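For the sequence shown, my numbering assigns the number 46 to the initial residue and increments by one for each residue that follows. Even glycine gets a Cβ: it sits at the ideal position worked out from N, Cα and C. Because the structure is a prediction, the values reported are computed rather than measured.
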Amino acid sequence: MVPQTEREEGNNCILVAGEFGEVYKGRLKLPGKREIYVAIKTLKAGYSEKQRRDFLSEASIMGQFDHPNIIRLEGVVTKSRPVMIITEFMENGALDSFLRRPSSGPWHLVFYLTTEAHLDLDALCVLPQQNDGQFTVIQLVGMLRGIAAGMKYLAEMNYVHRDLAARNILVNSNLVCKVSDFGLSRYLQDDTSDPTYTSSL
């Protein structure tokens, strides 16, 4: 079934807006009527076939990972416009903005998404988690350890991220940091001779 989508326009309804797409906050209805918050990443209209392949390639990469410090893929919707990648929702957003966030923030739009891929606009809006920018040493060390653990896991999976930055680290309500944005990630073959990934002494 092709999902029906209704969307209220406005920049204040978007969590993140990029050159090729946008990210919205949503709710995923699971079996048993349980709901969880999710992030819905969309590909802007007018995309090329290569952009679509690259977009879905990121989802394919994420689907291989299972680690508490790697963003979790919840699903992919391809039989719709826009194409969507659904991941777990990280309440505090990107690390770079979280560390300098003021005591208030913009309102965010909420979508409602069921397992049958039926997407409707919900009138509900929520405020982002507030943060005064103050952290204990233990909290900061825990966040850094989480990032390191996620990157170590990627190395064990023979993947190189190639775009590690604070903007690509997401933070949840418990201050757990998770690596995200695998659009530039590459799998390393054991016999690779690519000088980008090898060095000599």
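Any idea what DSSP makes of Val221, helix, strand or coil? One-based indexing of the sequence shown puts residue 221 at position 176. Looking at Val221 - three-state DSSP - the assignment turns out to be coil, as it is neither helix nor strand.
Below 6 Å CB to CB, which residues in the same chain sit around Gly191 once its five sequence neighbours on both sides are set aside? As a first step, residue 191 is located in the sequence shown; it is residue number 146 there, counting from the start. If we look at Gly191 and ignore the five residues flanking it on each side, its Cβ neighbours are Asn114, Val221, Cys222.
For the beta strand (DSSP E) containing Tyr198, list its first residue and its last residue. Here residue 198 is taken as the residue at index 153 of the sequence shown, counted from 1. Per DSSP, Tyr198 lies in no beta strand (DSSP E); the unbroken alpha helix (DSSP H) holding it starts and ends at 182-201.
Strictly by DSSP, which residues pair up with Met129? In the sequence shown, residue 129 corresponds to position 84, counting from 1. Partner(s): Thr87, Val122.
What would DSSP say about Ala104, mapped onto helix, strand or coil? What you label residue 104 is simply residue 59 of the sequence shown in a count that begins at 1. Helix.
Note down the Cα distance separating Gly228 from Lys78, rounded to an integer number of angstroms. Reading the sequence shown from its first residue, position 183 is the one you call residue 228. Reading the sequence shown from its first residue, position 33 is the one you call residue 78. Approximately 33 Å, taken between the alpha carbons.
So Leu60 packs on Ala84, CB below 8 Å; how close in whole Å? As a first step, residue 60 must be located in the sequence shown, where it is residue number 15. As a first step, residue 84 must be located in the sequence shown, where it is residue number 39. 7 Å between Cβ atoms; contact.
Can you tell me which residues form a DSSP beta bridge with Tyr69? Translated into positions along the sequence shown, residue 69 becomes position 24. BP columns for Tyr69 point to Ile85.
CA nearest to the CA of Phe180, picked from Leu209, Ala200, Phe143, Phe65: Start at 1 with the first residue of the sequence shown, and residue 180 comes out as number 135. Per the Cα distances, Phe143.
Which of the three DSSP states, helix, strand or coil, is assigned to Ala139? Position 94 of the sequence shown holds residue 139. In the three-state scheme derived from DSSP, where H, G and I count as helix and E and B as strand, Ala139 is classed as strand.
Under the three-state reduction of DSSP, which class applies to Lys95: helix, strand or coil? Numbered from its first residue, the sequence shown carries residue 95 at position 50. DSSP, read as helix, strand or coil, puts Lys95 in helix.
Taking the alpha carbon of Leu73 as the reference point, which residue from Glu133, Glu64, Ala210, Glu103 has its own alpha carbon closest? As a position in the sequence shown, residue 73 is number 28, starting the count at 1. The shortest Cα separation from Leu73 among Glu133, Glu64, Ala210, Glu103 belongs to Glu133.
Sequence-distant residues of the same chain with beta carbon closer than 6 Å to Glu103, five excluded per side: The residue labelled residue 103 in the question sits at position 58 within the sequence shown. So the qualifying residues of the chain are Phe227, Gly228.
So Leu215 and Gly138 are in contact, right, with Cβ under 8 Å, and what is the actual spacing, rounded? Residue mapping note: residue 215 aligns to position 170 of the sequence shown, counting from 1. Residue mapping note: residue 138 aligns to position 93 of the sequence shown, counting from 1. 7 Å between Cβ atoms; contact.
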